[in-house]
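*Asks:* I'd like to ask some things about the structure below.
Numbering (the numbering used here), first residue to last: 1 to 64.
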């Protein structure tokens with residue numbers, strides 16, 4: 001499981017936008033948001049770099 005800090009994930013709508021992009025890559029992906037702390041927990045077989053790039057491409061910069 002990956003935990004990714006996403007500074008501008010401010011609401012559930014933001015999360016759903018990110019989740020939609022991730023599900024296009026891997027329909028079996030599991031993602032859980034922590035909006036308060038701006039963290040996304042992701043469970044997938046895909047590499048972390050690929051997940052981060054997808055999130056960035058959706059307009060949500062990932063904190064390294």
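By construction, the Cβ of each residue, glycine as well, lies at the ideal position given by its N, Cα and C atoms.
Please check if any C-beta of chain D sits within less than 8 Å of the C-beta of residue 26.
*Replies:* As a matter of chain content, chain D is missing from the structure shown, which is built from one protein chain.
*Asks:* For residue 19, count neighbouring Cβ atoms within 10 angstroms of its own Cβ and tell me buried if that reaches 16, exposed if not.
*Replies:* Counting from 1 along the chain shown, the entry for residue 19 is found at position 19. With 16 or more other Cβ atoms within 10 Å, it is buried.
*Asks:* If we call anything under 8 Å between Cβ atoms a contact, is residue 44 one with residue 51?
*Replies:* Stepping through the chain shown from its first residue, residue 44 is reached at position 44. Stepping through the chain shown from its first residue, residue 51 is reached at position 51. Yes, the Cβ-Cβ distance between residue 44 and residue 51 is below 8 Å.
*Asks:* Return the first residue and the last residue of the alpha helix (DSSP H) that residue 49 is part of.
*Replies:* As a working mapping, residue 49 is identified with position 49 in the chain shown. First-last of the alpha helix (DSSP H) with residue 49: 48 to 57.
*Asks:* I need the straight-line Cα distance from residue 49 to residue 33, nearest angstrom please.
*Replies:* Numbered from 1 along the chain shown, position 49 holds the residue referred to as residue 49. Numbered from 1 along the chain shown, position 33 holds the residue referred to as residue 33. In a straight line, the C-alpha of residue 49 is about 19 Å away from that of residue 33.
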